[in-house]
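Step one of this worksheet: look at the structure below.
Numbering (full-length UniProt numbering), first residue to last: 1 to 468.
Have a look at this one:
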């Protein structure tokens with residue numbers, strides 16, 4: 001995310017636009033449904049059935065590039081599924097749009113690696129600002145999560161820049177899960193070597209005290225009058241666009257994680273880098289990550305320290321409990337302050353064990369042991385432009401974050417933490433009367449009062465699920 005208030009851009013380490021879609025004239029927040037982009041993440045599931053798509057140009061090759069593509073359903077559960085369209089162009093493309101039509105009642109929830117929107121049953125995936133050009137023979141993947149009503153056939157009328165593609169095969173896996181997580185898919189899974197963990201005994205975590213009621217009762221909903229109309233617009237927009245109009249059905253927001261733990265979050269660092277890290281650098285990485293998280297939770301307190309609207313915690317402890325690497329020699333420390341996991345590779349990046357991850361075990365039952373579990377991943381990748389975030393954690397460039405270790409505000413991280421707690425992107429519209437806030441990429445370098453009230457609004461609407 002840039003700090004230039006005049007640029008509506010997605011987060012970007014080199015301060016170039018990652019995406020900038022203007023809202024069409026005459027439309028509002030609920031007209032064409034924008035879908036938040038999420039990068040492929042640590043929580044991806046294994047690849048499923050695939051169907052080959054073969055481009056059938058409707059115009060001469062010189063007029064438009066054709067493509068060869070693969071449609072894959074990588075995961076399916078009782079009410080939803082994860083899909084992926086990987087396409088290879090047969091001529092250079094500068095600016096692209098992929099469209100398809102769902103035929104069996106599917107409904108798009110979110111997507112990544114493109115700017116996605118829906119109109120009825122049609123899905124439109126436009127090139128993000130950072131990936132407008134594709135060279136001859138280059139392959140690009142667009143992934144998404146969607147709901148289903150029992151079937152997940154391959155979509156029809158798939159087109160790249162208006163060139164029709166023919167779908168061959170019908171991937172229709174049977175739903176296999178009885179829960180409803182929002183899994184984040186993988187691109188191409190790298191064969192996973194047998195993971196070896198350098199693990200030393202970890203002291204038993206200090207029990208977190210049972211939260212006590214606030215000493216005084218703060219008003220339930222008292223935003224500044226100037227922000228109230230915009231906040232109302234944002235919440236109505238989220239209710240209409242999240243999870244097929246049922247954002248309350250999802251149970252792994254950051255809020256759910258904090259409450260399940262009793263007031264803390266455990267985090268694993270995915271060190272997707274060839275850089276070495278000293279113990280001193282590690283500690284600075286931990287401290288800066290924790291500091292940016294504290295900036296969000298500080299907004300749940302009133303100026304006098306009163307916890308807002310039944311929020312049960314004066315502080316939320318952020319604990320980095322593990323590092324995942326390809327090569328142990330990159331981590332130049334020998335102390336036992338965190339567990340180190342070597343060789344567990346997914347999305348071509350190291351990850352902490354799935355047996356310990358909340359994303360994979362949202363019922364709170366961890367085969368690897370609850371004491372060593374992690375709720376989120378902090379994924380640092382060499383050369384990664386911009387950022388991504390969701391219930392699985394946050395991702396950004398190694399260079400960007402290391403360069404911001406002494407900054408008061410790490411803009412991209414603040415933005416992506418917002419996504420972890422449900423806050424949306426604003427690529428296609430801006431709420432009435434506000435123009436600068438950290439969730440509007442490129443408009444603010446730090447969390448604003450409007451961001452804080454959007455954050456509080458999520459708590460206001462979800463707190464009842466915790467009996468508060």
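Quick reminder that beta carbons are idealized off the backbone N, C-alpha and C, glycines included.
Keep in mind it's a predicted model, so treat the numbers as computed, not measured.
Beta-carbon gap between residue i and residue j smaller than 9 Å
i	j	result
residue 324	residue 372	no
residue 258	residue 319	no
residue 418	residue 385	no
residue 230	residue 450	yes
residue 101	residue 85	no
residue 90	residue 65	yes
residue 481	residue 77	One cannot answer for residue 481 here, as it falls past the ends of the chain, which runs 1 to 468.
residue 338	residue 322	yes
residue 141	residue 87	yes
residue 355	residue 367	yes
residue 391	residue 252	yes
residue 397	residue 409	no
residue 254	residue 313	no
residue 112	residue 83	no
residue 446	residue 394	no
residue 71	residue 154	yes
residue 332	residue 279	yes
residue 292	residue 422	no
residue 256	residue 462	yes
residue 152	residue 114	no
residue 345	residue 328	no
residue 416	residue 369	no
residue 311	residue 349	no
residue 108	residue 99	no
residue 127	residue 97	yes
residue 294	residue 452	no
residue 431	residue 234	yes
Status (buried if at least 16 other CB within 10 Å, exposed otherwise) for residue i
i	result
residue 363	exposed
residue 467	exposed
residue 226	exposed
residue 248	exposed
residue 133	exposed
residue 94	exposed
residue 464	exposed
residue 444	buried
residue 276	exposed
residue 405	exposed
residue 163	buried
residue 24	Note that residue 24 has pLDDT 26, beneath the 50 cutoff, so the model's placement of it is unreliable and the number below is only indicative. Classification for residue 24: exposed.
residue 340	buried
residue 457	buried
residue 138	exposed
residue 296	buried
residue 223	buried
residue 283	exposed
residue 150	exposed
residue 433	exposed
residue 33	Any reading at residue 33 is ruled out, since the residue's pLDDT is 35, under 50, leaving its predicted position unreliable.
residue 75	buried
Residue range of the beta strand (DSSP E) that includes residue i
i	result
residue 122	122-126
residue 264	264-272
residue 84	80-89
residue 97	97-101
residue 379	376-381
residue 351	It is not in any beta strand (DSSP E) - residue 351 carries neither H nor E in the DSSP assignment.
residue 71	67-76
residue 132	Element bounds for residue 132: n/a, residue is neither H nor E.
residue 107	107-112
residue 117	115-119
residue 363	From DSSP, residue 363 is part of no beta strand (DSSP E); its letter is neither H nor E.
residue 159	156-160
Host alpha helix (DSSP H) of residue i (start-end)
i	result
residue 145	Taken as a continuous stretch (DSSP letters only), residue 145 belongs to no alpha helix (DSSP H), being part of the beta strand (DSSP E) at 139-147.
residue 456	449-462
residue 236	228-241
residue 256	254-261
Residue i: CB within 8 Å of a non-hydrogen atom of the ligand COA
i	result
residue 347	The model depicted lacks the ligand COA and carries no ligand whatsoever.
Does the contact criterion of 3 or more C-beta pairs under 8 Å hold for the segment 306-321 versus the segment 438-450?
no
To test your reading of the DSSP string, which unbroken alpha helix (DSSP H) runs of 4 or more residues are found completely within the segment 390-433?
398-403 and 411-420
Which complete alpha helix (DSSP H) runs does the segment 267-345 hold, if anything under 4 residues is left out?
279-297
Is it true that the segment 336-353 meets the segment 296-305, where meeting means three or more beta-carbon pairs spaced less than 8 Å apart?
no
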